[in-house]
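To keep things clear, I will list the structure first and then write my remarks on it.
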Amino acid sequence: MADFWVKWTCGLCLFMLPVFLRGADIRTESFQFYGENIRIEFAENMLQSRPRPSARRSRSPEKEAYIAFYKAYQKTDYQVFINSFLKYKSDLKLNDWFFYQLMREGVRAIYSNLSTRDERLILWALLNLSGYEARLTYLRKQVFVNVFTEDAIYDQPVIKEGGKKYVNLGLIDSPGKTMPAMLYLLDFVPVKSGKPFSFGLQTLPAFAPHPTPKTFSFEWQNTRYELSVQYDEAVINVLKNYPLIGENQYIKAPLSDYARQSLVEAFRPILAGKTTPEALQILIAFTRSLPYQTDEEAYGKNKPMIAEEVFFYPWSDCEDRSALYFHLVKELLDLPVIVLSFSDHVTVAVHCETPLGEYVKYGGQKYYLCDPTGPVNSTDIGRFPTGYRHQNFEVIGACQPD
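Numbered continuously in the numbering used here, the sequence shown closes out at residue 422.
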């Protein structure tokens with residue numbers, strides 16, 4: 021009896037030993053992400069879980085291999101890895117798109133010699149295990165990760181399933197590459213009610229700033245004004261290959277602290293003692309003085325900008341100037357302001373107590389037209405842009421002072 025007890029106890033110890041080692045076998049890895057030094061932790065057993073071809077003879081060997089991989093990955097200590105990313109997501113104020121990019125770079129840092137297929141399979145697993153609803157599409161050895169989103173995304177493949185929209189992250193991540201004409205949608209759904217993936221820019225990432233000065237000049241009432249503005253080039257860099265999102269998202273994106281503070285300092289002496297109509301005209305004179313070209317003319321593609329980007333790029337159009345004017349009114353004048361989107365033009369309207377001319381009604385109040393784009397060499401406000409007085413529009417941005 022004593023021998024049996026000893027053998028059973030030893031057997032139990034041997035069985036439990038890998039569990040204790042598994043929980044303690046944590047490694048670290050470092051890499052760069054948009055100039056930030058990132059240090060992550062991960063469990064050793066994650067490295068042993070890689071996609072493998074299905075050993076069974078089947079009509080769908082890829083499908084079986086992908087499902088088997090996910091179930092094996094679930095058994096690793098993946099949460100250590102994910103927690104590292106979640107901490108940086110919070111500390112650096114990353115939205116879901118930047119969180120995904122961070123996770124992708126982390127996967128590349130800890131796994132060696134990953135194929136594109138294996139990298140995407142690991143990211144598919146990690147996104148689901150992070151609470152997102154990610155679906156896999158595939159054809160032979162090609163796979164693509166698709167995430168459920170409620171945001172408007174343009175120029176990217178989207179699939180619809182069960183009343184939900186899924187955008188292909190793999191092609192956003194690989195500009196210039198194309199997708200096969202037909203793909204299979206894996207009917208294995210790891211997370212059926214996951215959180216939607218957001219591309220919104222309500223906050224900017226808190227990466228190490230790169231303040232860059234730029235001088236502008238404009239004229240108002242026969243007086244020439246010069247002002248120096250600082251924008252954050254780190255913001256410009258992270259948005260260079262950003263997915264094309266709904267135009268309302270570009271309006272919502274805030275100015276960096278550097279841009280906001282420099283604009284306040286530059287315009288404070290210019291606006292001192294001016295009436296509200298005069299202040300609105302001065303800001304209009306500034307935005308209308310910026311060099312104008314359409315996106316197609318300037319960049320060969322649709323390129324909407326957030327307000328900060330207008331200070332960096334040599335050309336801007338009506339969407340870009342409207343985003344900038346919206347934030348100028350918000351930050352410098354603290355007035356209610358809205359952005360109007362017509363079929364082929366974007367403009368701004370501002371509420372104030374002084375009647376300024378033509379207006380639209382929004383929320384029961386009059387908002388007077390202040391077009392940031394034209395006429396060029398004019399500071400007139402209170403007029404609809406030519407040809408738009410009777411056209412339908414949508415309010416795509418609104419700000420009410422606190």
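Note that the Cβ used here is the ideal one computed from N, Cα and C, for glycine as well.
Check whether the Cβ atoms of S342 and V359 sit closer than 8 Å, and answer yes or no.
-> yes
Whose C-beta lies closer than 7 Å to the C-beta of L376 among residues of the same chain, with five residues either side of it excluded?
-> P297, Y388, I401, G402
Cβ shell of S363 (< 6 Å), same chain only, five flanking positions each side left out = none
Ranges of the alpha helix (DSSP H) found wholly within the stretch 321-354, counting only runs of at least 4 | 338-348
Measuring CB to CB, does N166 end up less than 8 Å from T157?
-> yes
Residue closest to I87, alpha-carbon to alpha-carbon, out of F208, L247, A279 = F208
Of the residues L259, D422, V127, which one's Cα is nearest the Cα of K350?
-> D422
One or two residues paired with K107 in a DSSP bridge = DSSP, once it has assigned bridges, lists no residue as partnering K107.
Alpha carbon to alpha carbon, how far is T68 from I130?
-> The sequence given here has Gln at residue 68, not Thr. Those two C-alpha atoms are separated by around 12 Å.
How is the beta strand (DSSP E) around G417 delimited, first residue to last?
-> 414-419
Use the C-beta contact count for R160: other C-beta atoms within 10 angstroms, 16 or more gives buried, fewer gives exposed.
-> exposed
Are the Cβ atoms of R308 and G394 separated by less than 8 Å?
-> yes
Are there three or more Cβ pairs, one per stretch, closer than 8 Å when the stretch 262-270 is compared with the stretch 210-220?
-> yes
One or two residues paired with N188 in a DSSP bridge = N166
Residue range of the alpha helix (DSSP H) that includes Q385 = Q385 -> not in any alpha helix (DSSP H); beta strand (DSSP E) instead, spanning 385-389.
Flag this pair as touching only if the stretch 309-320 and the stretch 248-258 have three or more C-beta atom pairs under 8 Å; answer yes or no.
-> no
Cα separation between R280 and Y245?
-> 19 Å
Between the C-alpha atoms of Y186 and T136, what's the straight-line distance to the nearest angstrom?
-> 20 Å
Provide the residue span of the alpha helix (DSSP H) that contains V258, from first to last.
-> 253-258
Run through DSSP, which three-state label would G407 get?
-> coil
In this structure, does DSSP put L300 in helix, strand or coil?
-> helix
If you follow the beta strand (DSSP E) that T235 is part of, which residue opens it and which one closes it?
-> 231-240
Spatial distance of F331 from T48 (CA atoms) | 40 Å
Taking DSSP as the reference, what is the three-state secondary structure of F227?
-> coil
Option in Q250, I46, Y152 with minimal Cα separation from E64 | I46
Exposed or buried, what is N57 when buried is set at 16 or more other beta-carbons lying within 10 Å of its beta-carbon?
-> exposed
Whose CA, out of V163, V396, F346, lies closest to the CA of M202?
-> V163
Please name the residue, chosen from R128, L106, V127, that lies closest to F119 on a Cα-to-Cα basis.
-> L106
Helix or strand or just coil, what does DSSP make of K83?
-> helix
Got a sec? Which residues, its chain only, sit under 7 Å from E414 by beta carbon, not counting five neighbours each side?
-> S361
If you compare alpha carbons, which of V100, I173, V380, E82 is closest to I60?
-> V100
V368 lies in the beta strand (DSSP E); which residues open and close that run?
-> 366-370
Option nearest Y382 by Cα separation, candidates A369, E373, P392 | A369
Is the beta carbon of I304 sitting closer than 8 Å to the one on I416?
-> no
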